[in-house]
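Encoded as structure tokens, the structure appears first; notes follow it.
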Amino acid sequence: MAKNFEETSNNLNIIGNGTSIIGDLVSNGDLRIDGKLKGNLNTKSKLVLGGTGTITGEICCNNAEIFGEINGKITSEELLILRSSAKIYGDIITAKLSIEPGAIFTGICNMGDNISAVNTIDT
236 MAKNFEETSN NLNIIGNGTS IIGDLVSNGD LRIDGKLKGN LNTKSKLVLG GTGTITGEIC
296 CNNAEIFGEI NGKITSEELL ILRSSAKIYG DIITAKLSIE PGAIFTGICN MGDNISAVNT
356 IDT
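Structure (structure tokens):
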């Protein structure tokens, strides 16, 4: 029996440098942002926020690798990686966290194995 398309979606969505979005963003596939998002983001896959990328709002994702700037809370169900250029101004909820030297984080961090779907964003 064929699976639902949404369950098997492996799409890569890219928001390029120079692109600004105002509003909430929902995706089932992987997402790379090199532009600006002012709004909430909810993806069931991986988020990569590039070095030129900025997000102002709440984020819910499965995994995330951050090179850019976030102003708001981020919930990552599995692994959150803050690269040396990352700037996080807000709270973090994640199962596992990796922070490279040079990354900036100002907020409260909650880590553990039982964070699954703690704070999904209503869309």
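Each residue of the sequence shown is one higher than the one before, starting from 236 at the first, in the working numbering.
We treat Cβ as the ideally placed atom computed from N, Cα and C, and that holds for glycine.
Could you compute how far the alpha carbon of residue i sits from the alpha carbon of residue j?
i, j, result
"Gly-347", "Asp-269", "29 Å"
"Leu-247", "Ile-343", "30 Å"
"Thr-341", "Leu-282", "20 Å"
"Ile-328", "Glu-313", "10 Å"
"Phe-302", "Lys-322", "8 Å"
Classify residue i: buried if its beta carbon has 16 or more other beta carbons within 10 angstroms, exposed otherwise.
i, result
"Ser-319", "exposed"
"Asn-252", "exposed"
"Ser-311", "buried"
"Glu-335", "exposed"
Spell out the partners DSSP gives residue i in its beta bridges.
i, result
"Lys-234", "Given that the chain is displayed from residue 236 to residue 358, the structure contains no residue 234 and the question cannot be resolved."
Going by DSSP, what residue range makes up the beta strand (DSSP E) through residue i?
i, result
"Arg-318", "Counting along the chain, Arg-318 falls outside any beta strand (DSSP E), and DSSP gives it neither H nor E."
"Lys-331", "327-334"
"Ile-343", "It is not in any beta strand (DSSP E) - Ile-343 carries neither H nor E in the DSSP assignment."
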